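Read top to bottom, the protein sequences are chains D and U.
Here the first sequence is numbered in my numbering, starting from 2 and rising by one per residue.
Here the second sequence is numbered in my numbering, starting from 2 and rising by one per residue.
Note that the Cβ used here is the ideal one computed from N, Cα and C, for glycine as well.
Since we're looking at a predicted model, the values are computed, not measured.
For reference, the structure is listed below as C-alpha cells.
2 protein chains.
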Amino acid sequence: MARRRERPTGDAARSLPVAVDAMGGDHAPGAVVAGARQVADERGINVLLVGPEGAMGDTGGLPELHASEVIGMEDDPAQAVRRKKDSSLVRAAEAVRDGKALAMVSAGNTGAAMAAALLRMGRLPGVIRPAIATPIPNPGTGRPPTVLLDAGANAECSAAMLVQFAQMGAAFARQRYEVSHPSVALLSIGEEKSKGTPLTKETHRLLAEGALGEGATFVGNVEGRDFLHGVADVVVTDGFTGNVALKTLEGSLRFFIGALAEILGRPSLTDAAQAVVAELAPLAAELDPEATGGAMLLGLDGVCVISHGSSSPTAIVNAVTVAHDLAVAGLADAVADAVAPADGAAVPPGARMPEVPAAGR
Amino acid sequence: MARRRERPTGDAARSLPVAVDAMGGDHAPGAVVAGARQVADERGINVLLVGPEGAMGDTGGLPELHASEVIGMEDDPAQAVRRKKDSSLVRAAEAVRDGKALAMVSAGNTGAAMAAALLRMGRLPGVIRPAIATPIPNPGTGRPPTVLLDAGANAECSAAMLVQFAQMGAAFARQRYEVSHPSVALLSIGEEKSKGTPLTKETHRLLAEGALGEGATFVGNVEGRDFLHGVADVVVTDGFTGNVALKTLEGSLRFFIGALAEILGRPSLTDAAQAVVAELAPLAAELDPEATGGAMLLGLDGVCVISHGSSSPTAIVNAVTVAHDLAVAGLADAVADAVAPADGAAVPPGARMPEVPAAGR
C-alpha cells in the first residue's frame with residue numbers, strides 16, 4: 002500500500018503559502034491577484050502567486066512562482082496538462098507536491114485543475130478515484146451546505162467508488178462544516194431502495210450494510226427535488242449524474258434570479274423593488290456561489306480548491322481561506338483515514354487511474 | 002414485424018371519448034371529475050370517466066366506465082397493475098386498446114400508468130421501449146417548451162433506445178408544438194462530443210451520422226444549465242439522468258417560488274408585493290406545470306397523457322384537450338413512422354419489454 006506524503010502540521014503548516022493559479026478564471030489575473038492580496042492583507046494567510054513573470058499585474062509584493070504557460074478554459078484538460086508542463090496550473094500542483102505550498106487554488110479549467118492535481122500530487126493510498134465535491138446551499142434551513150459528489154470528475158463509476166465518495170464526503174463535511182456525524186444520502190429516482198440502476202441498488206446495499214462505519218449515517222435515497230432543503234449533509238452520485246444535476250440547479254437558479262432582476266428593474270417598480278430587494282438580500286447571500294469557497298477535490302494527496310470560473314476577488318479570498326484552513330486541519334489525512342479499511346483489508350479492486358477527468362468546468 | 006392497431010380517424014376519432022382515470026391524483030376524484038366536466042362542457046370533447054360506481058361524486062351525467070379498484074400513489078407500479086385488474090388505470094388503458102376510447106389521461110401513479118398502458122395497449126411496431134416525454138417551459142423566449150425524454154421510464158438505456166427517443170421526441174414536437182423541423186440535443190456534461198459516458202458518445206455518433214433523417218436536426222450536446230433557455234426543441238437522455246434533472250429543475254423552481262412568496266407575503270411589503278406580483282404573473286404562467294397538459298408516453302400503441310399528481314381541474318382540462326387533439330391528429334402513427342427504418346431494415350435488437358417502469362413519481 003502506498004504511503005501518504007509527509008505533511009507539515011501546526012505552525013509549520015500555517016507558515017506555508019497557498020499556491021494560487023493567477024491565470025485561472027474569467028477575470029484572471031486581475032480579480033485573482035486582487036483576491037490574493039486581500040486574503041494576505043486581511044487574514045494573514047501566506048500566498049504564492051503562480052503565473053508568467055510580469056503578466057500578473059501589480060502583485061503588491063506577494064511572492065511569485067513563475068510559469069510561462071497558461072491553460073485556457075477551452076483547452077482539453079488531459080492534453081493541456083501533458084503539453085503545458087510550465088503552466089501555472091501544473092506549477093501550482095508541483096508546489097504542493099514538493100512541500101513548497103500548503104494547498105492550491107484555481108478558478109480556471111476544472112478538468113485541467115483536476116488532471117494537474119492528480120498527475121502531480123497523486124491519489125491518497127486506497128483511493129480508487131478522486132471526486133469533485135461541491136457545496137450546495139440550504140437557504141433558510143440553518144443547516145450547512147450539502148456536499149454533492151462526484152460533481153463531474155468520473156462519468157462512469159462503480160459501487161466501490163460511490164462508497165468511497167460517501168466516506169470522503171463525510172470526512173469533508175466533518176472538517177469543513179463541523180458536522181460531527183454527517184448524514185449521507187444516495188441520489189436516485191425514488192426513495193425506495195428498489196428504485197434506480199444496478200449501480201444505485203448495489204451502492205445502496207453496501208451503504209446500508211454499514212460501509213460508512215461509525216462516523217456517519219446512511220439515510221437512503223434522495224431525489225433531485227430534495228436539493229436546497231437540507232435533506233442530507235452529503236449526497237453521493239456518479240460524476241455524470243452529479244454534473245447534470247449541479248448544472249441544472251445552477252442554471253435554474255441563475256434563470257430565476259435573472260428573470261427577477263429584470264422584473265425588479267422595470268421603471269414601474271422603482272419603489273417596490275427597493276423594498277423587495279432589501280428583503281431578498283439574505284436569501285441571495287445564502288445562494289451566492291462566491292461564499293462557499295468553491296469545489297474541493299477529494300482523494301488527492303494534497304488540498305486543491307477550484308473556485309468558480311467567474312470568481313471575484315471575494316471568491317478568491319474565500320477559496321484561499323478554505324484551502325488554508327482545511328490543509329492546516331489535515332483534510333487529506335482525514336480523507337485517507339475515512340477510506341482506509343478498518344480491518345486492514347486490501348484496497349478495493351478496480352483502481353484504474355482516471356487520466357481524463359470527465360467534465361470540463 | 003407487428004402491425005399497428007387500426008385506429009379511427011377524422012370524425013370517427015373525434016366522436017370517441019377520452020378515458021379519464023377519475024381516481025388518479027392528490028385531489029381525486031373531486032378535481033379530476035370537475036376538470037372532466039369542464040372540458041366536456043366548454044370544449045365539446047367527449048369524456049369517459051373511469052372509476053368505482055358511486056365513488057366519483059357528481060359526474061354531471063358524463064358516461065362512466067366502472068372499475069372497482071384504485072391504484073394509489075405509493076403502490077408498486079408493476080405489482081399493482083398485475084394485481085388490480087379491475088382498477089381505474091387498467092380499465093382506462095383497456096378502453097383505448099378496445100377502441101372504446103380515443104386516448105387516456107391519468108393524474109395518478111406515473112409508473113403504474115406507464116405499466117398499465119404498456120401492458121394493455123402494447124408498444125408500437127419497432128419501438129424498443131416507450132419513454133416519458135415531459136415538456137420543460139422556456140419562459141420569455143417565445144419558443145415552445147423543450148421536450149425532455151426519457152424523464153423516468155427506463156433507468157438503463159442503450160444508444161439504440163436513445164436514438165429512438167430522439168426520433169419519437171421529434172415526432173411529438175412536430176405534432177404538439179407545430180415545430181416543422183425540430184432541433185434535437187443530447188444531454189451530457191460538456192458541449193464537446195468527447196464528453197460524457199460511452200452511452201452518450203455512441204448516441205452522439207449515431208445522431209451525428211444522420212439517424213434522425215430529414216425531419217429533424219441534431220444540434221449536439223447540451224448541459225443541465227441549458228434548460229429553460231430554449232436551447233433545443235427536444236433533449237434526449239436516459240431515464241435515470243432525465244428523472245434526476247427534471248426533479249432538480251422542479252425542486253429548484255419550487256424552492257425559489259416558495260422563498261419569493263414568503264418574502265412577498267411579509268407585512269412590511271404589502272404595497273410593494275402587489276406591484277411585483279402583477280409583473281411576475283406572466284412568468285409564473287409560463288412556468289405553471291398545469292398549463293403544459295402533462296407528460297406524454299411515447300412509443301405506445303395509443304395515446305396516454307400523465308398529468309401532475311397535484312392536478313387541478315384546469316390541469317385536467319388541458320391534459321384531456323392535449324390527449325384528444327394529438328390522438329385525432331394521429332400521434333401514435335407519427336411516432337411509429339419516425340422510428341420505422343426508412344430502408345425497411347430490421348428492427349434494432351435488444352427489444353426486451355420493460356415490465357417495471359423505473360420511476361415512480
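Applying the criterion that 16 or more other CB atoms from any shown protein chain within 10 Å of the CB defines a buried residue, is D22 (chain D) buried or exposed?
When all chains shown are included, D22 (chain D) counts as buried.
Taking the C-alpha atoms as reference points, what is the distance between A41 (chain U) and T293 (chain U)?
Distance between the alpha carbons of A41 (chain U) and T293 (chain U) is about 19 Å.
Below 7 Å between beta carbons is the criterion; list the residues of the region 71 to 101 of chain D that meet it against any residue of chain U, in chain order.
If the cut-off is 7 Å between Cβ atoms, the region 71 to 101 of chain D has nothing near chain U.
Quick check: A1 (chain D) and G197 (chain U), are their CB atoms within less than 7 Å of each other?
No answer is possible for residue 1 (chain D): it lies beyond the span of chain D, which begins at 2 and ends at 362.
Could you check whether the Cβ of S69 (chain D) sits closer than 7 Å to any Cβ belonging to chain U?
Closer than 7 Å to the CB of S69 (chain D) there is not a single CB belonging to chain U.
In chain order, which beta strand (DSSP E) runs of at least 3 residues are fully inside the region 35 to 110 of chain U?
Runs of the beta strand (DSSP E) inside the region 35 to 110 of chain U: 48 to 52, 65 to 67, 104 to 107.
Short CB-CB distance (under 7 Å) between V277 (chain D) and chain U:
Interface residue, yes.
Tell me, which residues are paired with M115 (chain U) by DSSP?
According to DSSP, M115 (chain U) shares a beta bridge with no other residue.
L218 (chain D) (DSSP reduced to helix, strand or coil):
Going by the sequence as given, residue 218 (chain D) is Thr instead of Leu. Three-state DSSP puts T218 (chain D) in a strand.
Residue environment, R121 (chain D), which counts as buried when at least 16 other CB atoms sit within 10 Å
Around the C-beta of R121 (chain D), 16 or more other C-beta atoms lie within 10 Å, and the residue is accordingly described as buried.
Could you run through the region 261 to 274 of chain D and flag, in chain order, every residue whose CB is less than 9 Å away from some CB of chain U?
Taking a C-beta cut-off of 9 Å against chain U, the contacting residues of the region 261 to 274 of chain D are L261, E263, I264, L265, R267, S269, L270, D272, A273, A274, listed in chain order.
Contact set between F219 (chain U) and chain D, taken where Cβ atoms lie within less than 9 Å
Near F219 (chain U) there are no residues of chain D at all, since even the closest Cβ is about 19 Å away, more than 9 Å.
For T322 (chain D) and L298 (chain D), what's the separation of their Cα atoms in angstroms?
Straight-line Cα distance between these residues: approximately 15 Å.
So, does the CB of G11 (chain D) fall closer than 7 Å to a CB anywhere in chain U?
Answer no: the Cβ-Cβ gap between G11 (chain D) and chain U never drops below 7 Å.
Look at the alpha carbon of G221 (chain D) and the alpha carbon of A161 (chain D), and state the distance between them as a whole number of angstroms.
Looking at the two C-alpha atoms, the distance is approximately 17 Å.
Would you be able to state if there are at least three C-beta pairs under 8 Å between the region 248 to 267 of chain U and the region 171 to 191 of chain U?
The region 171 to 191 of chain U vs the region 248 to 267 of chain U: no contact.
I'd like to know whether the C-beta of T60 (chain U) is nearer than 7 Å to at least one C-beta of chain D.
It does not; no Cβ of chain D falls within 7 Å.
Who are the near neighbours of N47 (chain D) in its chain, counting only those whose CB is closer than 6 Å to its CB and skipping five residues on each side?
Counting only residues of its own chain and dropping the five nearest sequence neighbours on each side, N47 (chain D) has a CB closer than 6 Å to the CB of P18.
Count the other CB atoms, across all protein chains shown, that sit within 10 Å of the CB of R84 (chain D); report buried if there are 16 or more and exposed otherwise.
Around the beta carbon of R84 (chain D), fewer than 16 other beta carbons lie within 10 angstroms, which makes this residue exposed.
Do A152 (chain D) and N244 (chain D) have their CB atoms nearer than 7 Å?
Less than 7 Å separates the beta-carbon of A152 (chain D) from that of N244 (chain D).
Same chain only: Cβ atoms within 7 Å of Q39 (chain U), ignoring 5 sequence neighbours per side
The answer, listed in chain order, is P314, V318.
Work out the CA separation of H230 (chain D) and A346 (chain U) for me, nearest whole Å.
Because A346 (chain U) carries a pLDDT of 42, less than 50, the predicted location of this residue cannot be relied on, and the following value inherits that uncertainty. Cα-Cα distance, rounded: 50 Å.
Distance, Cα to Cα, R144 (chain D) vs A13 (chain D)?
Rounded to whole angstroms, R144 (chain D) to A13 (chain D) spans 33 Å at the Cα level.
Can you tell me which of the three DSSP states D344 (chain U) falls into?
Low per-residue confidence applies at D344 (chain U): pLDDT is 46, beneath 50, and the placement is therefore not dependable enough to give any value.
Would you verify that the beta carbon of F228 (chain U) is, or is not, closer than 7 Å to some beta carbon of chain D?
It does; some Cβ of chain D falls within 7 Å.
Interface partners of G153 (chain D) on chain U, CB under 8 Å
I190, listed in chain order.
Please list the partners that A282 (chain D) has in chain U, where partner means a Cβ-to-Cβ separation under 9 Å.
What A282 (chain D) touches in chain U: nothing, since even the nearest Cβ is about 10 Å away.
Just to confirm the assignment: which complete alpha helix (DSSP H) runs, minimum length 4, are found wholly within the region 140 to 214 of chain U?
Runs of the alpha helix (DSSP H) lying entirely within the region 140 to 214 of chain U and spanning at least 4 residues, in chain order: 160 to 178, 199 to 209.
How many angstroms separate the CA atom of E356 (chain D) from the CA atom of A116 (chain D)?
Note that E356 (chain D) scores a pLDDT of 41, beneath 50, so its modelled location is shaky; the value from the coordinates is reported in the next line. E356 (chain D) and A116 (chain D) have their C-alpha atoms spaced approximately 7 Å apart.
CB contact flag (P64 (chain D), E287 (chain D), <7 Å)
E287 (chain D) sits away from P64 (chain D), with the two beta carbons spaced by 7 Å or more.
Where do the N-terminal and C-terminal ends of the beta strand (DSSP E) with V306 (chain U) fall, by residue?
In the DSSP assignment, V306 (chain U) falls within the beta strand (DSSP E) that extends over 305 to 307.
Three-state secondary structure assigned by DSSP to T135 (chain D):
T135 (chain D) carries a strand assignment under DSSP once its states are collapsed to helix, strand and coil.
If you measure from the beta carbon of L254 (chain U) to each beta carbon in chain D, is any gap under 7 Å?
It does; some Cβ of chain D falls within 7 Å.
Exposed or buried, what is S195 (chain D) when buried is set at 16 or more other beta-carbons lying within 10 Å of its beta-carbon?
Looking at its Cβ environment, which holds fewer than 16 other Cβ atoms inside 10 Å, S195 (chain D) is exposed.
Under DSSP, the alpha helix (DSSP H) around D326 (chain D) begins and ends at which residues?
That run of the alpha helix (DSSP H) goes 314 to 330.
Residue-level contact to chain D via CB, V306 (chain U), 7 Å cutoff
False, the Cβ-Cβ gap to chain D never drops below 7 Å.
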